[in-house]
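So the sequence shown is numbered by our numbering: it starts at 332 and just counts up by one.
Note that beta-carbon positions come from the ideal geometry of N, C-alpha and C, so glycine has one too.
Reviewing the structure listed below.
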Amino acid sequence: MRGGEDCVCFSKSRSTKLEREAESPSILRRTNTSSAPLISPENGVTIGSNGSRVRGEIDERASVAEPIYKASSSIAYLIMGSYCCFKCQNLIAFHDDIVSKDFQARSGRAFLFGHAINIKEGPKEDRQLITGLHTVSDVYCSDCGEELGWKYVRAYEASQKYKEGKIILEKFKIVRTNHC
Numbered sequence: 332m333r334g335g336e337d338c339v340c341f342s343k344s345r346s347t348k349l350e351r352e353a354e355s356p357s358i359l360r361r362t363n364t365s366s367a368p369l370i371s372p373e374n375g376v377t378i379g380s381n382g383s384r385v386r387g388e389i390d391e392r393a394s395v396a397e398p399i400y401k402a403s404s405s406i407a408y409l410i411m412g413s414y415c416c417f418k419c420q421n422l423i424a425f426h427d428d429i430v431s432k433d434f435q436a437r438s439g440r441a442f443l444f445g446h447a448i449n450i451k452e453g454p455k456e457d458r459q460l461i462t463g464l465h466t467v468s469d470v471y472c473s474d475c476g477e478e479l480g481w482k483y484v485r486a487y488e489a490s491q492k493y494k495e496g497k498i499i500l501e502k503f504k505i506v507r508t509n510h511c
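What follows is the structure in structure tokens.
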């Protein structure tokens with residue numbers, strides 16, 4: 332394993348880490364071929380075409396730098412928070428995907444998510460809910476099979492159309508964590 336490519340190292344000093352990343356050509360790979368500056372999504376530092384660190388405004392021609400290692404993509408999930416199945420700790424959704432926390436489920440409070448992962452959908456059925464008639468499918472944890480909520484497939488009332496394709500997860504069936 333060559334330094335920094337297959338692992339993520341954390342340093343006590345943010346400036347030291349930024350300097351190491353700016354000086355290390357193995358950390359970033361260009362996704363464009365122009366002479367525009369490069370932007371590192373991990374730290375927001377702009378790297379000039381000559382490899383130097385640039386401060387100030389970002390050139391409109393800049394493109395996003397692509398990390399060579401995949402581990403950095405999971406760091407974002409650790410920072411923003413995630414929701415896991417309460418029974419098996421399977422990752423289900425991310426905090427940034429919450430559309431609303433003001434929903435009521437059969438057994439209490441629920442969250443409306445724009446996107447969820449690691450779930451299985453049950454058969455579609457028409458169900459009369461508090462806000463009217465909807466076509467929904469129950470959603471289950473893909474690992475343990477626990478019912479977590481439902482997905483809105485179709486809303487019959489115009490005012491409820493925004494729910495289509497979104498997922499309700501019952502609050503007591505998920506746990507918020509920074510490390511599923």
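How big is the Cα-Cα spacing for residue i and residue j?
{"i": "glutamate 488", "j": "threonine 508", "result": "35 Å"}
{"i": "alanine 447", "j": "phenylalanine 425", "result": "8 Å"}
{"i": "glutamine 491", "j": "histidine 465", "result": "9 Å"}
{"i": "aspartate 474", "j": "glutamine 420", "result": "9 Å"}
{"i": "lysine 502", "j": "glycine 463", "result": "22 Å"}
{"i": "tyrosine 493", "j": "isoleucine 505", "result": "23 Å"}
{"i": "glutamine 435", "j": "glycine 412", "result": "22 Å"}
{"i": "glutamate 495", "j": "asparagine 449", "result": "19 Å"}
{"i": "alanine 393", "j": "leucine 500", "result": "Note that alanine 393 scores 38 on pLDDT, short of 50, meaning its location in the model is unreliable; the coordinates nonetheless yield the value given after this. So the two alpha carbons sit approximately 39 Å from each other."}
{"i": "tryptophan 481", "j": "alanine 441", "result": "10 Å"}
Report the three-state DSSP secondary structure of residue i (helix, strand or coil).
{"i": "aspartate 469", "result": "strand"}
{"i": "valine 395", "result": "Bear in mind that a pLDDT of 39 at valine 395, under 50, signals an unreliable position, so the number given afterwards is only what the model happens to contain. Strand at valine 395."}
{"i": "aspartate 433", "result": "strand"}
{"i": "serine 344", "result": "Because the pLDDT at serine 344 is just 38, under 50, the model does not fix this residue reliably, and the value given afterwards should be weighed accordingly. Residue state, collapsed to three classes: coil."}
{"i": "alanine 424", "result": "strand"}
{"i": "isoleucine 505", "result": "strand"}
{"i": "lysine 492", "result": "helix"}
{"i": "lysine 497", "result": "coil"}
{"i": "aspartate 474", "result": "coil"}
{"i": "glycine 412", "result": "coil"}
{"i": "tyrosine 483", "result": "strand"}
{"i": "phenylalanine 417", "result": "coil"}
{"i": "alanine 447", "result": "coil"}
Looking only at C-alpha atoms, which of the options sits nearest to residue i?
{"i": "lysine 451", "options": "Ile429, Ser490, Cys416 and Leu460", "result": "Cys416"}
{"i": "glycine 453", "options": "Gly463, Ile429, Val467 and Leu443", "result": "Val467"}
{"i": "aspartate 428", "options": "Val484, Tyr414, Asp457 and Phe434", "result": "Tyr414"}
When you compare the CB positions of residue i and residue j, do they come within less than 8 Å of one another, or not?
{"i": "leucine 479", "j": "tyrosine 471", "result": "yes"}
{"i": "glutamate 477", "j": "lysine 432", "result": "no"}
{"i": "lysine 497", "j": "leucine 443", "result": "yes"}
{"i": "valine 430", "j": "lysine 455", "result": "no"}
Once you ignore the five residues that flank residue i on each side, which residues in its own chain have a CB closer than 7 Å to its CB?
{"i": "aspartate 457", "result": "Leu464 and Thr466"}
{"i": "glycine 445", "result": "Asp428, Val430 and Lys497"}
{"i": "aspartate 469", "result": "Gly453, Glu478 and Trp481"}
Just to confirm my understanding: we take residue i, look at its own chain, exclude 5 residues before and 5 after, and list those with CB closer than 8 Å. What are they?
{"i": "glycine 439", "result": "Glu501, Lys502 and Phe503"}
{"i": "arginine 437", "result": "Glu501"}
Which same chain residues, not among the five before or five after residue i, have their C-beta less than 6 Å away from its C-beta?
{"i": "alanine 486", "result": "His465, Lys492, Lys494 and Glu495"}
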